[in-house]
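Chains as they are written, first to last, in our numbering: chain Y, 1 to 505; chain B, 506 to 1010.
Glycine included, every Cβ here is placed at the ideal spot set by N, Cα and C.
Keep in mind that this is a model prediction, so the values were computed, not measured.
Read through the structure below, which is laid out as structure tokens, and then see the notes.
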């Protein structure tokens, strides 16, 4: 069996681990365990699973030092960032604990038997039930919050679905340690093997989504990865949903009055947003529309000088580094002026300086408007606000779009920009930056293709809807119903005969 | 341009209509109109759209006589059945009116700015917004309730999405008349062209889902139709969701005590359920598991005699008739005994008698357990209740599964059957029959593949979720927010800082 290797992106050195790529026999074992674990998770009930999620959060935090040190050596991300990411992962598990305790996520509905315009109607009761074992593909850029211990895992477990994670090859040891932290919390509650399990290797990832017991897949990754996973799913007799978060340019529009009013502050904000975590965030702003006027000139000057004095960022792996350098060069060939050109220093790890590119709005091509993963932003200088409509329509649909304005701006102009962005993104940010995604009830992390492929979010309370399906019971005897659908169970929000009952606390 | 023909299934005669197949130029026109109509629907607001849906319901009922007569000549379904179906279509539009007035479907959530374990969190507000123009493929078997004026159209319009319907070739004139009824109600409210539009012809159907302005598709139809539509969608640069309701066997289990207690009544119920509307219902019970004991014998005897004395049913079209006859013959070749063998009478329209097939449980093959559209049911005789687990696992996942039991039955046996069915269906019916789908809040019409391809329902209040996507506003000024997300708008159910507020009436 192939040994799994790990690479330290700070020096580019590779070494072997004790882990091996997952073969078919092992996959068969863990799929069977996951199928049995689904019954255990169901038997735990909402409150039991909430306790389990809290315990997982605690387990992650209790291993914080080990997790951060392991991830630092595999990702090159800073300790401060990784430390906060462990917190975020724990927060995510706890948020889903709250979601479970609330119970509204079940969308419980009761229609009592009644006469209807179509004759006597039977008693109908509906709620959401788990899909079954879920395959999760860990992302490279968030070794905790979008990986083994990430939001896909947390939301799937909350839904009652066991999770089989394909570990990202960029951080196998972090993945392994995260899996152990989760397993330890689960077994502390008397849970069986298979509530969570990891697989290693590309082939194992494909086998995973082809396995008959796997009922859904979730991915945060590239379009290429999504295509490969979808191709494997297409080999199944029974298709399963793939929830994929893929590619996002996250345009930012700075209106003239905002540039004049607080151009320096916006420049600082943009710099922090596009260079933080080496620009390796799905919400990194890739395009900023800045006015061609004195306020805009000042803003861009400040940006240029911040970029010029910035140190290099360690990128996650060699592939990311090479793609970044190639993409920056392609933008330049396509007509963008480069304020800082990233250089690869041989033998020095996957380190690059940030890159700022500039282009006039008439020269903005589809190529320059495409995503570049890493610390690169393209500044697009525009003359008239009226030109932005058409320009924004050439930007690929994205997770987010941002508008910087001042209170005195023409409401019609802002409204028009909001309308254009609303058709093309899933979250509109006002006077702020898209990075730093808040983990909460109302978060939406998903948008029109290619930012995601589904009408759902992969972050926030509602993301567990992806791993649930509706189920109805018709004229069921009370004792056979899930307790949440029995008449006298009034603890959770339910819709009874069409009327919402908020639930008692 | 090709003229559209209509066939009277009662005599098999074909005649030309004034309708022509839809060409590319016309499709371009109506797609553009639909895109503009989306803005009009959005501007109407929830309450305006609710009024529009009510008006459509009224318009359909005001044209009841014309619609029923037109559909009778195109489908061969009875006047009584078609009359009730017009009522059902109107009920569906009105249900979505109620859903809009309630507003809970928006899943509105507000997270005020707050300190979080990850630092200051921005103000986030989320609700669901329409996807845009939707392609609906009318079904043959419900010329109203699953066709132009059907649940897909009603739920998409409710969501705020214009609808482009591919008319089913089995009832073009009914489709046209239904479209006019809807258009008339829309234009009575000052609505533009493009809120609803029809296309005719297979090629137009494929072009429809390839059109860049079309944002989702919905189908009730065959696996073959779904594959053809998906293949057309796969040609797009940007994939769109296809919500397909496809194939369902709807197994029914009669436990021994129920057969002994009320075998005759169950036989009557089964007969009515599998022969009603010529057995051409997605929820028709195709397999009935009956005990091999005196109670079961009596039940099956009653069924046989009801079938033997039944008249013929007019099937919807030649293709349905031929597929039915061929499938029945294939079941017989696969080992099922035939109590009544369907015969085709040349020149007499698409008329067949109902067919009852019988097989012992050990001889139940995958072929016999597959769907046969039309008035055919396979009776499977079982010896021991314990055998049912494995047998049910060979039945393809379905929309529904039903269990007939008595109060004195072993709870463990019933629970075990419910567990087996719950993994394989979307609705479990107790002591009843799956046909006669109630249109209400808690309905679930969808289940694991191949019954549907999505974690949603195509009937009932929640079916509009298919045509919505979540959208979030971060730190938005109040005036730019949809009114449902403003602090003081407390009319609808909303989740504010994680706490459900039921809304004021």
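### Task
Residues of the region 541-567 of chain B with a CB closer than 8 Å to any CB of chain Y: list them in chain order, please.
From the region 541-567 of chain B, no residue has a Cβ closer than 8 Å to chain Y.
#### Entry: Best match in Y:380, Y:356 and Y:479 for proximity to residue 916 (chain B) [C-alpha to C-alpha]
Numbered from its first residue, the second chain carries residue 916 (chain B) at position 411. The shortest Cα separation from residue 916 (chain B) among Y:380, Y:356 and Y:479 belongs to Y:479.
### Query
Under three-state DSSP, which class holds residue 422 (chain Y)?
Your numbering for residue 422 (chain Y) matches position 422 in the first chain. Residue 422 (chain Y): helix per DSSP, three-state reduction.
### Classification of residue 295 (chain Y) by the beta-carbon crowding that lies within 10 angstroms, buried from 16 upward
Mapped onto the first chain, residue 295 (chain Y) falls at position 295. With 16 or more other Cβ atoms within 10 Å, it is buried.
### Message
By the three-class DSSP mapping on this structure, what secondary structure does residue 610 (chain B) have?
### Response
In the second chain, residue 610 (chain B) corresponds to position 105, counting from 1. In the three-state DSSP reduction, residue 610 (chain B) falls in the helix class (H, G or I).
### Query
Can you give, in chain order, each stretch of the beta strand (DSSP E) that sits fully within the region 147-225 of chain Y and has at least 3 residues?
Whole beta strand (DSSP E) segments, 3+ residues: 163-166, 196-199 and 216-220.
### Query
Would you call the CB atoms of residue 880 (chain B) and residue 829 (chain B) closer than 9 Å?
For the purposes of this step, residue 880 (chain B) is identified with residue 375 of the second chain, where counting begins at 1. For the purposes of this step, residue 829 (chain B) is identified with residue 324 of the second chain, where counting begins at 1. Yes; because the gap between Cβ atoms is below 9 Å, this pair is in contact.
### Message
If you measure between the beta carbons of residue 904 (chain B) and residue 855 (chain B), is that distance less than 9 Å?
### Response
Counting from one through the second chain, the residue named residue 904 (chain B) turns up at place 399. Counting from one through the second chain, the residue named residue 855 (chain B) turns up at place 350. Contact: no.
### Message
Only counting the same chain, and skipping five residues up and downstream in sequence, which positions put a Cβ closer than 7 Å to that of residue 899 (chain B)?
### Response
The residue labelled residue 899 (chain B) in the question sits at position 394 within the second chain. Correct list, in chain order: 869, 871 and 874.
### Task
Give the interface partners of residue 967 (chain B) over in chain Y, defined as CB-CB distance under 9 Å, in chain order.
Taking the second chain and counting its residues from 1, the one referred to as residue 967 (chain B) is at position 462. Residues of chain Y passing the Cβ test: 107, 109, 126 and 470.
### Segment limits, beta strand (DSSP E) that includes residue 979 (chain B)
If you number the second chain from 1, residue 979 (chain B) lands on position 474. Looking at the DSSP string, the run of the beta strand (DSSP E) that includes residue 979 (chain B) is 973-979.
### Query
Would you call residue 234 (chain Y) buried or exposed, if buried means 16 or more other Cβ atoms sit within 10 Å of its Cβ?
By 1-based counting over the first chain, the position of residue 234 (chain Y) is 234. Exposed: under 16 other Cβ atoms inside 10 Å.
### Task
Name, please, each residue of chain B whose Cβ falls closer than 8 Å to the Cβ of residue 241 (chain Y).
Residue mapping note: residue 241 (chain Y) aligns to position 241 of the first chain, counting from 1. Residues of chain B passing the Cβ test: 959 and 960.
### Contacts that residue 430 (chain Y) makes with chain B (C-beta to C-beta distance below 7 Å)
Locating residue 430 (chain Y) in the first chain gives position 430, where the first residue counts as 1. Neighbours of residue 430 (chain Y) on chain B, chain order: 979, 980, 981 and 982.
### Query
Does DSSP put residue 788 (chain B) in a helix, in a strand, or in coil?
What you label residue 788 (chain B) is simply residue 283 of the second chain in a count that begins at 1. Annotated three-state conformation of residue 788 (chain B) is coil, per DSSP.
### Query
Is the beta carbon of residue 360 (chain Y) less than 9 Å from the beta carbon of residue 292 (chain Y)?
Residue mapping note: residue 360 (chain Y) aligns to position 360 of the first chain, counting from 1. Residue mapping note: residue 292 (chain Y) aligns to position 292 of the first chain, counting from 1. Pairing residue 360 (chain Y) with residue 292 (chain Y) gives a Cβ-Cβ distance under 9 Å.
### Message
Please state the DSSP three-state secondary structure of residue 435 (chain Y).
### Response
Translated into positions along the first chain, residue 435 (chain Y) becomes position 435. If DSSP states are grouped into helix, strand and coil, residue 435 (chain Y) belongs with coil.
### Query
From residue 1020 (chain B) to residue 108 (chain Y), what does the alpha carbon distance come to, in whole angstroms?
What is shown of chain B runs 506 to 1010, which leaves residue 1020 (chain B) out entirely.
### Contact with chain B by residue 266 (chain Y), beta-carbon distance below 9 Å
Translated into positions along the first chain, residue 266 (chain Y) becomes position 266. No, its Cβ sits nowhere closer than 9 Å to a Cβ of chain B.
### Message
Give me the DSSP bridge partner(s) of residue 639 (chain B).
### Response
Working through the second chain from its first residue, we reach residue 639 (chain B) at position 134. As DSSP reads the structure, residue 639 (chain B) sits in a beta bridge with B:668 and B:721.
### Query
For a contact meaning CB atoms closer than 7 Å, what does residue 440 (chain Y) contact in chain B?
Numbered from its first residue, the first chain carries residue 440 (chain Y) at position 440. At a beta-carbon threshold of 7 Å, the residues of chain B lying near residue 440 (chain Y) are 616, 626 and 629, ordered along the chain.
### Message
Between which residues of its own chain and residue 55 (chain Y) is the CB-CB distance below 7 Å, once the five residues before and five after are set aside?
### Response
As a position in the first chain, residue 55 (chain Y) is number 55, starting the count at 1. Residues of the same chain with a CB within less than 7 Å of the CB of residue 55 (chain Y), apart from the 5 flanking positions on each side, are 185, 188 and 189 in chain order.
### Task
Would you identify the three-state DSSP class for residue 32 (chain Y), choosing helix, strand or coil?
Against the first chain, residue 32 (chain Y) aligns to sequence position 32. The answer is helix: DSSP assigns residue 32 (chain Y) an H, G or I state.
### Message
Please confirm whether residue 726 (chain B) has its beta-carbon closer than 9 Å to some beta-carbon of chain Y.
### Response
Indexing the second chain from 1 puts residue 726 (chain B) at position 221. No - not a single Cβ of chain Y is within 9 Å of the one on residue 726 (chain B).
### Task
Provide the residue(s) that pair with residue 935 (chain B) in DSSP beta bridges, ordered along the chain.
Sequence index remark: in the second chain, residue 935 (chain B) carries index 430 (1-based). Paired residue(s): B:908.
### Task
State whether the region 529-542 of chain B contacts the region 702-710 of chain B, with contact taken as three or more CB pairs (one from each stretch) at a distance under 8 Å.
Verdict: yes, contact present.
### Query
Once you ignore the five residues that flank residue 131 (chain Y) on each side, which residues in its own chain have a CB closer than 7 Å to its CB?
Position 131 of the first chain, counted from the first residue, corresponds to residue 131 (chain Y). Same-chain partners within the cutoff: 161, 215, 216, 467, 468 and 469.
### Message
Does any residue of chain A have a CB that is nearer than 9 Å to the CB of residue 985 (chain B)?
### Response
Protein chains in the displayed structure are Y and B, and chain A is not among them.
### Query
How many whole angstroms separate the CB atoms of residue 140 (chain Y) and residue 317 (chain Y), which I take to be in contact at a CB cut-off of 8 Å?
In the first chain, the residue the question calls residue 140 (chain Y) occupies position 140. In the first chain, the residue the question calls residue 317 (chain Y) occupies position 317. The Cβ separation is near 7 Å, so the contact holds.
### Message
If you follow the alpha helix (DSSP H) that residue 357 (chain Y) is in, where does it begin and where does it stop?
### Response
Counting from 1 along the first chain, the entry for residue 357 (chain Y) is found at position 357. Per DSSP, residue 357 (chain Y) belongs to no alpha helix (DSSP H); it is in the beta strand (DSSP E), 355-360.
### Beta-bridge partners of residue 750 (chain B), as assigned by DSSP
Start at 1 with the first residue of the second chain, and residue 750 (chain B) comes out as number 245. Per DSSP, the beta bridge partners of residue 750 (chain B) are B:725 and B:957.
### Query
Taking the alpha helix (DSSP H) that residue 116 (chain Y) falls in, what are its first and last residues?
Stepping through the first chain from its first residue, residue 116 (chain Y) is reached at position 116. No alpha helix (DSSP H) contains residue 116 (chain Y), which is instead part of the beta strand (DSSP E) from 114-116.
### Query
By how many angstroms is the C-alpha of residue 319 (chain Y) removed from the C-alpha of residue 450 (chain Y)?
Indexing the first chain from 1 puts residue 450 (chain Y) at position 450. Indexing the first chain from 1 puts residue 319 (chain Y) at position 319. Cα to Cα, residue 450 (chain Y) sits roughly 21 Å from residue 319 (chain Y).
### Query
Just reading off the beta strand (DSSP E) that residue 757 (chain B) is part of, what are its end residues?
For the purposes of this step, residue 757 (chain B) is taken as the residue at position 252 of the second chain. Start and end: 757-759.
### Message
If you follow the alpha helix (DSSP H) that residue 462 (chain B) is in, where does it begin and where does it stop?
### Response
With chain B represented from 506 up to 1010, any question about residue 462 (chain B) goes unanswered, as that position is not in the structure.
### Message
Please classify residue 17 (chain Y) as buried or exposed, where buried requires at least 16 neighbouring CB atoms within 10 angstroms.
### Response
Working through the first chain from its first residue, we reach residue 17 (chain Y) at position 17. Under this definition residue 17 (chain Y) is an exposed residue.
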